[in-house]
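*Asks:*
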Amino acid sequence: MKIKDIHTHVLPQEPGTALVCIGCGPMPKAQGHLFSAGLHPWDVTGHDQEAYDNLEKLLSLPNVLAVGECGFDTLRGPSHELQEQAFVRQYELSEQFKKPMILHVVRDFDTVIRLHKQLHPTMPWLIHGFRGAPQQMHQLHSQNLLLSLGPNCNPQSLHQLPPDKLFLETDTHPSFAQILNYACTVRSIPPDDLEQQLVKNTTRFLLE
Ligand SMILES: [Zn+2]
65 MKIKDIHTHV LPQEPGTALV CIGCGPMPKA QGHLFSAGLH PWDVTGHDQE AYDNLEKLLS
125 LPNVLAVGEC GFDTLRGPSH ELQEQAFVRQ YELSEQFKKP MILHVVRDFD TVIRLHKQLH
185 PTMPWLIHGF RGAPQQMHQL HSQNLLLSLG PNCNPQSLHQ LPPDKLFLET DTHPSFAQIL
245 NYACTVRSIP PDDLEQQLVK NTTRFLLE
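Numbering-wise, the sequence shown is residues 65 to 272 according to the working numbering.
As structure tokens, then:
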């Protein structure tokens, strides 16, 4: 497993180098790819049994390595109560299948911090697409939450990320190389070293 891109919606050219989010399915037929599966907060309706049934099937497969993206969005999707129910249901799946979580969080970090303290997950939680400033980044890290940064991240946060907590993503952006090069410039580190660090971190996140 050599995952560098921890969150994308596009199959990478080289299978196994990115964790591809497929929602609640179906799984693409292409061989050799690695996936995460989850019910996005925008798609929660409160009548989601079919989605959870699909998720259970997907999560039992060896090439589905994480639950997500799931989480909280105060700007879009159903009520906070429904979003929280859906999140807790998926947290239970994460613990049951021993697969970590990838979170979509828009303006609701407090809820994630509260639930992380309340639920004491044994599997790691990673908030994708983090755009906040270093202070918020350090605060979330201190709560044992992981973050991945993409094309629209705060360059100071990218610069200050501890090496063992560095995760990069493309999400819907087409080019991982572009993000990798940007991170190399901001952190003054050669691409090979950065890629090695990324693979080390994603392997630890997904398989420990
Ligand atoms: Zn996404």
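Note that CB positions come from ideal geometry on N, CA and C, so glycine has one too. Bear in mind the structure is a predicted one, so any value in this text is a computation, not a measurement.
Under the three-state reduction of DSSP, which class applies to Glu272: helix, strand or coil?
*Replies:* Coil.
*Asks:* Check the C-beta distance from Leu98 over to Gly87 and give it rounded, since I have them as a contact under 8 Å.
*Replies:* Contact flag wrong, Cβ pair sits at about 15 Å.
*Asks:* Between Leu183 and the rest of its own chain, which residues show a CB-CB distance below 7 Å, the 5 nearest in sequence each way excluded?
*Replies:* Result list for Leu183: Tyr155, in chain order.
*Asks:* Hey, Leu125 and Ser100: beta-carbon distance below 8 Å or not?
*Replies:* No. Outside cutoff.
*Asks:* Could you pull out every residue in the same chain whose Cβ sits closer than 8 Å to the Cβ of Cys85, ignoring the five residues on either side in sequence?
*Replies:* Answer for Cys85: His71, Thr72, His73, Phe99, Ser100, Ala101, Gly102, Gly132, Glu133, Ile166, listed in chain order.
*Asks:* Does at least one heavy atom of ligand 1 sit under 7 Å from the Cβ of Cys85?
*Replies:* Yes, ligand 1 has a heavy atom inside 7 Å of this Cβ.
*Asks:* Could you pull out every unbroken alpha helix (DSSP H) segment of at least 4 residues lying fully inside the segment 116-187, listed in chain order?
*Replies:* As far as the segment 116-187 is concerned, its whole alpha helix (DSSP H) runs of at least 4 residues are 144-161, 173-183.
*Asks:* Throw me the rounded Cβ distance for the Leu222 and Arg251 pair, which I believe falls under 8 Å.
*Replies:* At roughly 7 Å, the Cβ-Cβ gap stays under 8 Å, so Leu222 and Arg251 are in contact.
*Asks:* Considering only residues of the same chain and omitting the five flanking positions on each side of Arg171, which have a CB-CB separation below 6 Å?
*Replies:* Within the same chain, Arg171 has close Cβ partners Thr138.
*Asks:* Identify whether Phe194 lies in helix, strand or coil by the three-state DSSP scheme.
*Replies:* Note: Phe194 maps to coil in three-state DSSP.
*Asks:* If you reduce the DSSP assignment to three classes, tell me which class Ala94 lands in.
*Replies:* In the structure shown, Ala94 sits in coil (DSSP, three-state: anything other than H, G, I, E or B).
*Asks:* Is Phe231 helix, strand or coil when you go by DSSP?
*Replies:* Note: Phe231 maps to coil in three-state DSSP.
*Asks:* Determine the closest residue to Tyr246 out of Gln260, Pro219, Gln207, Gln199, with distance taken between C-alpha atoms.
*Replies:* The shortest C-alpha separation from Tyr246 is found at Pro219.
*Asks:* Please identify the residue among Val128, Cys248, Asp228 whose C-alpha is closest to the C-alpha of Gly48.
*Replies:* No answer is possible for residue 48: it lies beyond the span of the chain, which begins at 65 and ends at 272.
*Asks:* Locate the alpha helix (DSSP H) running through Val250, then write down its first and last residues.
*Replies:* Here the alpha helix (DSSP H) through Val250 covers 240-251.
*Asks:* Apart from the five residues just before and just after Asn118, which ones in its own chain have a Cβ nearer than 6 Å to its Cβ?
*Replies:* Contacts found: Cys88, Gly89.
*Asks:* Compute the Euclidean distance between the alpha carbons of Gln113 and Ile253, then round it to the nearest angstrom.
*Replies:* One C-alpha to the other measures close to 46 Å.
*Asks:* Among Ala241, Pro255, Met201, Pro215, whose alpha-carbon lies nearest the alpha-carbon of Gln224?
*Replies:* Minimum Cα distance to Gln224 is reached at Met201.
*Asks:* Go ahead and pull the three-state DSSP assignment for Leu83.
*Replies:* Leu83 falls in the strand class under three-state DSSP.
*Asks:* My assumption, with CB atoms under 8 Å, is that Gln261 sits in contact with Leu230. Please give the rounded CB distance.
*Replies:* Yes, Gln261 and Leu230 are in contact; Cβ-Cβ is about 6 Å, under 8 Å.
*Asks:* Go ahead and pull the three-state DSSP assignment for Asp257.
*Replies:* Of the three classes helix, strand and coil, the one that applies to Asp257 here is helix, per DSSP.
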